[in-house]
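**Q** Numbering (our numbering), first residue to last: 176 to 470.
Using N, Cα and C, we set each Cβ at its ideal position, and we do this for glycine too.
None of these values were measured; they are calculated from a predicted model.
Pasting a structure here, questions to come.
As structure tokens, this is what we get:
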């Protein structure tokens with residue numbers, strides 16, 4: 176029996192050492208995978224935090240865009256009002272011009288007084304005659320008299336032809352054009368701002384999708400790393416249990432050798448059978464292992 180125990184030790188001792196080395200490897204692998212679990216967990220959580228912040232910013236930009244779009248609609252309505260007003264003023268101006276032309280034609284038939292344009296022409300002719308020396312001596316007085324008369328006639332004709340209504344209409348047209356242009360520029364500015372908010376919202380949404388993809392990838396790596404860590408931990412625990420079992424078996428054999436002389440023959444026979452079974456490479460049941468430990 177002593178020889179058999181020695182042979183069993185020769186098998187169990189190297190096996191125990193081998194398992195001890197493998198358990199260290201499993202433990203190191205487990206710790207390495209646990210480190211990856213921590214890394215991917217932190218990465219996933221950071222990505223999710225950024226996604227949450229960006230989603231809030233997307234909502235903010237969406238609210239800004241929607242508010243600006245409402246403003247654009249309001250400004251367009253104002254622009255339409257100014258455009259319609261400008262059309263009305265221009266229509267009135269054209270009507271007034273037509274009326275004045277017709278009135279001027281009729282008055283010119285009744286009123287034989289010269290127009291402001293004709294008076295200016297007469298003044299230019301008179302000035303030209305004076306410059307060419309046709310009013311020398313006593314005739315110079317005639318020149319000044321005619322020049323004064325034409326000047327007064329020009330003032331009266333200009334006052335007669337320059338109606339206040341026409342002037343007011345022209346001023347109204349200029350004001351309406353200015354207001355319409357300002358309204359148009361306000362619409363363009365609001366449209367640009369709304370488009371910028373929309374573009375930023377789209378850009379942020381695309382960044383959310385990209386970060387979500389990275390978070391999902393980190394989560395997949397986290398799941399895989401945790402599974403590998405659990406596998407390595409399970410192997411490590413099994414190795415420790417095997418080592419403890421082998422050491423218990425060797426302790427049992429040491430104890431058995433000390434009291435071998437006191438053991439019954441049947442007990443020896445049973446131990447021999449178990450050892451033979453073990454040496455043959457068979458797997459011992461739990462009950463058989465427990466019985467071997469008792470011996």
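Are there 16 or more other CB atoms within 10 angstroms of the CB of residue 411, so buried, or fewer, so exposed?
**A** By one-based count along the chain shown, residue 411 stands at place 236. By the 10 Å Cβ count, residue 411 comes out buried.
**Q** Please go through the same chain and pick out, in chain order, the residues whose beta-carbon is closer than 7 Å to the beta-carbon of residue 237, but skip the five residues on each side of it.
**A** Indexing the chain shown from 1 puts residue 237 at position 62. Cβ within range, chain order: 376.
**Q** Hey, is the segment 358 to 376 in contact with the segment 224 to 240, meaning 3+ C-beta pairs nearer than 8 Å?
**A** Because the criterion of three Cβ pairs below 8 Å is met, the segment 358 to 376 and the segment 224 to 240 touch.
**Q** Quick check: what's the CA-CA separation for residue 221 versus residue 194?
**A** Position 46 of the chain shown, counting from 1, holds the residue named residue 221. Position 19 of the chain shown, counting from 1, holds the residue named residue 194. The straight-line gap from Cα to Cα measures roughly 40 Å.
**Q** Thinking C-beta only, is residue 219 closer than 7 Å to residue 397?
**A** Along the chain shown, read from residue 1 onward, the residue named residue 397 stands at position 222. Along the chain shown, read from residue 1 onward, the residue named residue 219 stands at position 44. Their beta carbons are under 7 Å apart, which means residue 397 touches residue 219 by this criterion.
**Q** If we count the other Cβ atoms within 10 Å of its Cβ and call it buried at 16 or more, is residue 186 buried or exposed?
**A** Translated into the one-based positions of the chain shown, residue 186 becomes position 11. Residue 186 is exposed by the Cβ-count criterion.
**Q** Apply the 10 Å Cβ neighbour rule to residue 247 and answer buried if 16 or more other Cβ atoms are within range, or exposed otherwise.
**A** Translated into positions along the chain shown, residue 247 becomes position 72. That one is buried.
**Q** Enumerate in chain order the residues of its own chain whose CB-to-CB distance from residue 383 is below 8 Å, with the five nearest sequence positions on each side excluded.
**A** To locate residue 383, count along the chain shown from 1; it is residue 208. Same-chain partners within the cutoff: 226, 229, 230 and 233.
**Q** Whole alpha helix (DSSP H) runs in the segment 356 to 387 with 4 or more residues, listed along the chain?
**A** Fully enclosed alpha helix (DSSP H) runs of 4 or longer: not present.
**Q** Let me check you understand the geometry: is the CB of residue 234 closer than 6 Å to at least one non-hydrogen atom of the ligand NAP?
**A** What this structure holds is no ligand at all, so the ligand NAP is not there to describe.
**Q** I want to know whether the segment 253 to 261 touches the segment 417 to 425 - three or more CB-CB distances under 8 Å.
**A** Flag = no, the segment 253 to 261 and the segment 417 to 425 do not touch.
**Q** Please report the distance separating the alpha-carbon of residue 330 from that of residue 317.
**A** Locating residue 330 in the chain shown gives position 155, where the first residue counts as 1. Locating residue 317 in the chain shown gives position 142, where the first residue counts as 1. Their Cα atoms are separated by approximately 20 Å.
**Q** How close, in whole Å, do the beta carbons of residue 408 and residue 205 come, if the pair is a contact with beta carbons under 8 Å?
**A** Position 233 of the chain shown, counting from 1, holds the residue named residue 408. Position 30 of the chain shown, counting from 1, holds the residue named residue 205. So it is a contact: roughly 5 Å between Cβ atoms.
**Q** To the nearest angstrom, how far is it from the Cα of residue 381 to the Cα of residue 358?
**A** For the purposes of this step, residue 381 is taken as residue 206 along the chain shown, with counting starting at 1. For the purposes of this step, residue 358 is taken as residue 183 along the chain shown, with counting starting at 1. Distance between the alpha carbons of residue 381 and residue 358: 35 Å.
**Q** Quick check on residue 289: does DSSP put it in helix, strand or coil?
**A** Here residue 289 refers to the residue found at position 114 of the chain shown. Here residue 289 sits in coil by DSSP.
**Q** What is the DSSP secondary structure of residue 309, counted as helix, strand or coil?
**A** What you label residue 309 is simply residue 134 of the chain shown in a count that begins at 1. Looking at residue 309 - three-state DSSP - the assignment turns out to be coil, as it is neither helix nor strand.
**Q** Does the beta carbon of residue 390 come closer than 7 Å to any beta carbon on chain D?
**A** Checking the listed chains, one finds no chain D in this structure; it contains a single protein chain.
**Q** Is the beta carbon of residue 372 closer than 7 Å to that of residue 240?
**A** Looking up residue 240 in the chain shown gives position 65. Looking up residue 372 in the chain shown gives position 197. Going by C-beta atoms, residue 240 is nearer than 7 Å to residue 372.
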